[in-house]
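One structure below.
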Amino acid sequence: MKRIIVVGLLILTCFLLQCTLFHWLSFGGIIPNLLIVLTASFGFMRGERSGLVIGFISGILMDIFFGAAIGFYALLYMYIGYANGKFCQIFYPEDIKLPMALIICSDLIYGVVCYILMFLMRARFHFSYYFVHIILPEIVYTTLVTLFLYPIVLRINRKLEAGEKQNEKKFV
Numbered sequence: 012m013k014r015i016i017v018v019g020l021l022i023l024t025c026f027l028l029q030c031t032l033f034h035w036l037s038f039g040g041i042i043p044n045l046l047i048v049l050t051a052s053f054g055f056m057r058g059e060r061s062g063l064v065i066g067f068i069s070g071i072l073m074d075i076f077f078g079a080a081i082g083f084y085a086l087l088y089m090y091i092g093y094a095n096g097k098f099c100q101i102f103y104p105e106d107i108k109l110p111m112a113l114i115i116c117s118d119l120i121y122g123v124v125c126y127i128l129m130f131l132m133r134a135r136f137h138f139s140y141y142f143v144h145i146i147l148p149e150i151v152y153t154t155l156v157t158l159f160l161y162p163i164v165l166r167i168n169r170k171l172e173a174g175e176k177q178n179e180k181k182f183v
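Add 11 to a position in the sequence shown, counting from 1, and you land on the number used in this note's numbering.
Structure, rendered in structure tokens:
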């Protein structure tokens with residue numbers, strides 16, 4: 012129960028930061044995608060199920076407040092969380108290279124899928140412009156923010172796991 016509350020508050024905090032503070036700190040209208048960082052991080056830290064659930068909750072928040080149709084972002088974030096969960100077996104908390112690479116790939120996939128489904132379907136064929144002016148700057152900004160956000164998420168996950176192990180020992 013403690014994990015659910017803490018993760019829920021973390022999702023809400025990242026969503027609010029992404030929608031408020033980072034809009035104020037945007038560079039050329041580009042903001043970092045904190046929910047991708049959170050979804051990917053919990054995906055490869057905790058596995059497919061956690062990535063899927065956190066991705067769904069993050070995506071449904073984006074759908075409710077910014078989406079044209081309910082379910083688009085929820086489905087996209089769910090797939091990203093699930094795909095990152097596949098790397099749970101090779102996750103080492105001390106190594107930041109894998110999480111950074113996965114977050115970069117997740118943000119790239121997010122940008123490309125958003126372009127294909129939101130712009131290409133409307134006959135806007137300026138992928139190179141969209142890639143250079145939207146996707147790449149968002150990836151760079153998200154990567155820079157990841158350097159600060161990921162250690163916080165990792166520390167929170169470690170504390171939650173330590174608390175869960177303490178509770179398991181009480182029952183044994």
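In this text, a Cβ means the ideal position worked out from N, Cα and C, and glycines have one as well.
Under the three-state DSSP convention, the category I120 falls into: helix
Bridge-paired residues (DSSP) for I41: F38
Proximity of Y93 and G70 at Cβ, strictly below 8 Å: no
Endpoints, alpha helix (DSSP H) assigned at K13: 13–30
Close-in-space but distant-in-sequence residues of the same chain around I167 (CB under 7 Å, 5 per side omitted): V17, L21
Beta-carbon spacing of Y141, Y152 below 8 Å: no
Endpoints, the alpha helix (DSSP H) within which M73 is located: 59–77
Cutoff 8 Å; reference I81; Cβ partners in own chain excluding five residues on either side: I71, D74, I75
7 Å CB neighbourhood of L87 in its chain, flanking five on each side removed: G70, Y121, V124
Reduced DSSP secondary structure (H/G/I, E/B, other) of K97: coil
Run of the alpha helix (DSSP H) containing F136, from where it starts to where it stops: Element bounds for F136: n/a, residue is neither H nor E.
Between the CA atoms of F26 and Y84 - distance to the nearest angstrom: 13 Å
R57 versus Q29: straight-line alpha-carbon distance, rounded: 23 Å
Rounded separation between L155 and I68 - CA only: 24 Å
Whole-angstrom distance between F77 and I42, CA atom to CA atom: 14 Å
Pick from T157, E179, K170, E172 that is closest to L46, judged by C-alpha positions: T157
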